[in-house]
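**Student:** As they're listed, the protein sequences go chains A and B.
Note that my numbering numbers the first sequence so that position 141 is 352, with each residue one more than the last.
Note that my numbering numbers the second sequence so that position 162 is 1302, with each residue one more than the last.
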Amino acid sequence: MTPVLGSAPAPLPRRILLQGKYETVAMLRNGEQLILAVVLPLLAMVGLTVTPLLDGLGASRIDVAVPGILALCAMSTAFTGQGISTGFDRRYGVLRFLSTTPLGRTGLVAGKILAVLAVLLLQVLVVTAVALMLGWRPDPLGWLPGLALLVLGAAAFTALGLLVAGTVRPEATLAITNLLWILLGALGGIVIPAERLPALAEAVVHFLPSGALGQALRDAFLHGSINTGAVLVLLLWTAIAGGAATRWFKWN
Amino acid sequence: MRSPESPVLSISGLVKDVGPLPTLDGKMLRVVSDLSLVAERGQVTALLGANGAGKTTTIECAQGLQRRTAGSISLLGQDPDTAGAALRARVGVMLQDGGLPPSARPVPLLKHIAGMYQDPWPVEDLIRRLGIDTFSRTSVRRLSGGQRQRLALAAALVGNPEVLFLDEPSAGLDPQSRQMVFGLISELRDRGMGIILTTHLMDDAQRLADYVYIIDAGHNVAEGTVAQLLQHELQPGSGQQRVRTLLFEAEPGLDFTGVLPDAVRVSEARAGSYAATGALTPADLAAVTAWWAARGIMPTSMSLEARSLEDVFLDISGREIR
């Protein structure tokens, strides 16, 4: 077969969809990634329902726990998962190679965001299914703002993950994103509400993306209300981290 | 042998500074300075130079992977810094480090990249042509260097490009892979593809290139076809003659004083292994063989070597280690 020289690019939406699908499959095939994305959040959810940690907050343990677990899922996939995989893709020259194909840098980033959203959707389905079995009764008015908040949280954490992945060595990205996942997961106001944290942590978590996302999701799913302060904090983190990543991301 | 057709790549006065570097007290380092070159359709153009000469930086500026400091670059008539997907679809790139995800398997990876193009090279044909079918189920991280290079070449070709960039294409290639890759490159050239490759191996340039740019310390110091470069320093009227080396092996400790002209350097590098280098004439060869005959010496081996591209390269870029 003698191919004719010269090709046209596939349309942009198709390129982004293909990259999103490819990265989604790669994330789901990664065992460590699955533990972080699904197993640990589920264990944390069960843990919070069998211990009295969340008692006395005006709602059942499971109702307080689940919104925070969903927020934790967003942090797992967007920040730690995407950060680590992007860091190593950068090390191996995958980002540079793909940016020379019709996909380009914009398509590559769009594909990554798409993959984060696809994996997050699967996480939400799994967590919701298990949570409903454990007796979760979310406010029906919470679903719409809740899902929108998850997308916004994923945007903020993806921007932060790409900022780390694009500026330090992949080994450092691995250490930083895993350490922050544990620290923010335990003390960042994401699954444990601010009022149950040490006084020092309580003062700052409202300004962290973890605390803002956790609190906003609890307000949505517990009371069907929208926490505008937390939304603003998340928007600010997305803008700052996104701008910084655009400015300082090193492709090689 | 530059064709009048518009070139696929034209670089003029390229300058690239990197830094500021802490190793240079925070100063910038000029890795490419005033480099110009032209690459034609249907030709293999080689950038030949030592490691660190600025070859990779030059082609990465042409690929849009690095921003140039000054100068102009026209790739298929467009500026690579501002061009979009339509230009990228016409250009294939094989990076020095491959740029393939370690966990990927060859066939799904190639099919994925093929999807980025309207009209890709059929993946089945490509994997057969490059012998990828023999390791199609092995993840990239488990491939040998040669297998990885072949896959990286396939990934660069899957879009069926008009221009192909190859950064050190023979790195890590075993003889069989080399044969396969070089054969395909020649065929693509004959089909009209414009191929630009970097190499520090004279042999690659000598075997593949239609036109060679010798790059040293960030700029081009010589250019021409391989034949033209081999004639380097043999300008008409310069009085210079072609340097050749006569190599032979015989009994150790022979004294050649007076056999050859003084300008011919005779050395015994190892015991019994002789090299006579200079502007050898047929008469010189006759003198040597007559001298052997008179003494009953039968060499165990003998050969005559012309100047190689390596000699030219070393003459031009200096013999000091960089």
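Every residue, glycine too, gets a C-beta built ideally from N, C-alpha and C.
This structure is a prediction, so every number in the text was calculated from the model and none was measured.
Helix, strand or coil for L1400 (chain B) per DSSP?
**Tutor:** In this structure, L1400 (chain B) counts as coil in the three-state DSSP scheme.
**Student:** Grab me the residues of L1187 (chain B)'s own chain with a C-beta within less than 6 Å of its C-beta, minus the 5 sequence neighbours each way, in chain order.
**Tutor:** K1195, T1338, Y1353, I1355, listed in sequence order.
**Student:** So, with DSSP's three-state summary, where would you put G402 (chain A)?
**Tutor:** Strictly speaking, residue 402 (chain A) in this sequence is Val, with Gly absent from that position. In this structure, V402 (chain A) counts as coil in the three-state DSSP scheme.
**Student:** Note down the Cα distance separating Q1375 (chain B) from R1277 (chain B), rounded to an integer number of angstroms.
**Tutor:** Residue placement at Q1375 (chain B) is flagged as unreliable, the pLDDT there being 49, under the threshold of 50; the coordinate-derived value follows with that caveat. Cα to Cα, Q1375 (chain B) sits roughly 56 Å from R1277 (chain B).
**Student:** With the cut-off set at 8 Å, would you say M1342 (chain B) and L1177 (chain B) are in Cβ contact?
**Tutor:** No, they are not a contact pair.
**Student:** Quick one: list the residues of chain B neighbouring R307 (chain A), beta-carbon separation under 8 Å, in chain order.
**Tutor:** Per Cβ cutoff of 8 Å: L1205, L1235, G1239.
**Student:** Less than 8 Å between CB atoms is the rule here; does P252 (chain A) satisfy it with respect to chain D?
**Tutor:** This model lacks chain D altogether; the protein chains it does include are A and B.
**Student:** Per DSSP, what kind of secondary structure is S1407 (chain B) in: helix, strand or coil?
**Tutor:** The answer is strand: DSSP assigns S1407 (chain B) an E or B state.
**Student:** When the cut-off is 8 Å and only beta carbons count, does A270 (chain A) lie next to chain B?
**Tutor:** Closer than 8 Å: no.
**Student:** Kindly indicate the opening and closing residues of the beta strand (DSSP E) around F1359 (chain B).
**Tutor:** Checking the sequence, you will find His at residue 1359 (chain B) rather than Phe. Looking at the DSSP string, the run of the beta strand (DSSP E) that includes H1359 (chain B) is 1359-1364.
**Student:** A1426 (chain B): buried (16+ other C-beta within 10 angstroms of its C-beta) or exposed?
**Tutor:** Under this definition A1426 (chain B) is an exposed residue.
**Student:** Answer with yes or no whether the minimum CB distance from Q1375 (chain B) to chain A is below 8 Å.
**Tutor:** Bear in mind that a pLDDT of 49 at Q1375 (chain B), under 50, signals an unreliable position, so the model cannot answer this.
**Student:** List the residues of chain B whose Cβ lies closer than 8 Å to the Cβ of A248 (chain A), in chain order.
**Tutor:** The contacting residues do not exist; A248 (chain A) stays about 17 Å from chain B at best.
**Student:** Counting only beta-carbon separations shorter than 8 Å, does N1191 (chain B) have a partner in chain A?
**Tutor:** False, the Cβ-Cβ gap to chain A never drops below 8 Å.
**Student:** From what residue to what residue does the alpha helix (DSSP H) around D430 (chain A) run?
**Tutor:** Per DSSP, D430 (chain A) belongs to the alpha helix (DSSP H) from 420-434.
**Student:** Can you have a look at V1146 (chain B) and say buried or exposed, based on whether 16 or more other CB atoms are within 10 angstroms of its CB?
**Tutor:** Before going on, a small fix: residue 1146 (chain B) reads as Ser here, not Val. Label assigned to S1146 (chain B): exposed.
**Student:** On a CA-only basis, which of B:D1165, B:G1332, B:L1306 is nearest V1321 (chain B)? Give me that one, please.
**Tutor:** Answer by Cα proximity: B:L1306.
**Student:** Check whether the segment 296-303 of chain A touches the segment 1233-1246 of chain B, counting contact only when three or more Cβ pairs, one atom from each stretch, lie closer than 8 Å.
**Tutor:** Short answer: they touch.
**Student:** By how many angstroms is the C-alpha of A1362 (chain B) removed from the C-alpha of I1456 (chain B)?
**Tutor:** Answer to the nearest angstrom: the Cα atoms are 8 Å apart.
**Student:** Does the pairing of the segment 437-444 of chain A with the segment 403-419 of chain A give three or more beta-carbon distances under 8 Å?
**Tutor:** Touching, yes, given that three or more Cβ pairs across the two stretches are closer than 8 Å.
**Student:** Go ahead and pull the three-state DSSP assignment for Y233 (chain A).
**Tutor:** Of the three classes helix, strand and coil, the one that applies to Y233 (chain A) here is helix, per DSSP.
**Student:** Quick check: is the beta carbon of L374 (chain A) nearer than 8 Å to any beta carbon in chain B?
**Tutor:** Cβ-Cβ to chain B under 8 Å: no for L374 (chain A).
**Student:** Step through the CB atoms of chain B and report whether any lies within less than 8 Å of the CB of A456 (chain A).
**Tutor:** No, no contact with chain B.
**Student:** Where does E1391 (chain B) land, buried or exposed, given buried means 16+ other C-beta within 10 angstroms?
**Tutor:** E1391 (chain B) should be labelled exposed.
**Student:** I want to see whether chain B comes within less than 8 Å of P224 (chain A), judged by CB atoms only; does it?
**Tutor:** So, not an interface residue.
**Student:** Would you check if the distance between the CB atom of T288 (chain A) and the CB atom of V327 (chain A) is smaller than 8 Å?
**Tutor:** Closer than 8 Å, so yes.
**Student:** Which residues, taken in chain order from the segment 1257-1276 of chain B, show a beta carbon closer than 8 Å to some beta carbon of chain A?
**Tutor:** Cβ contacts with chain A come from Y1257, Q1258, D1259, P1260, W1261, P1262, D1265.
**Student:** Taking 8 Å as the CB-CB limit, is L229 (chain A) close to chain B?
**Tutor:** It does: the Cβ of L229 (chain A) has a partner Cβ on chain B nearer than 8 Å.
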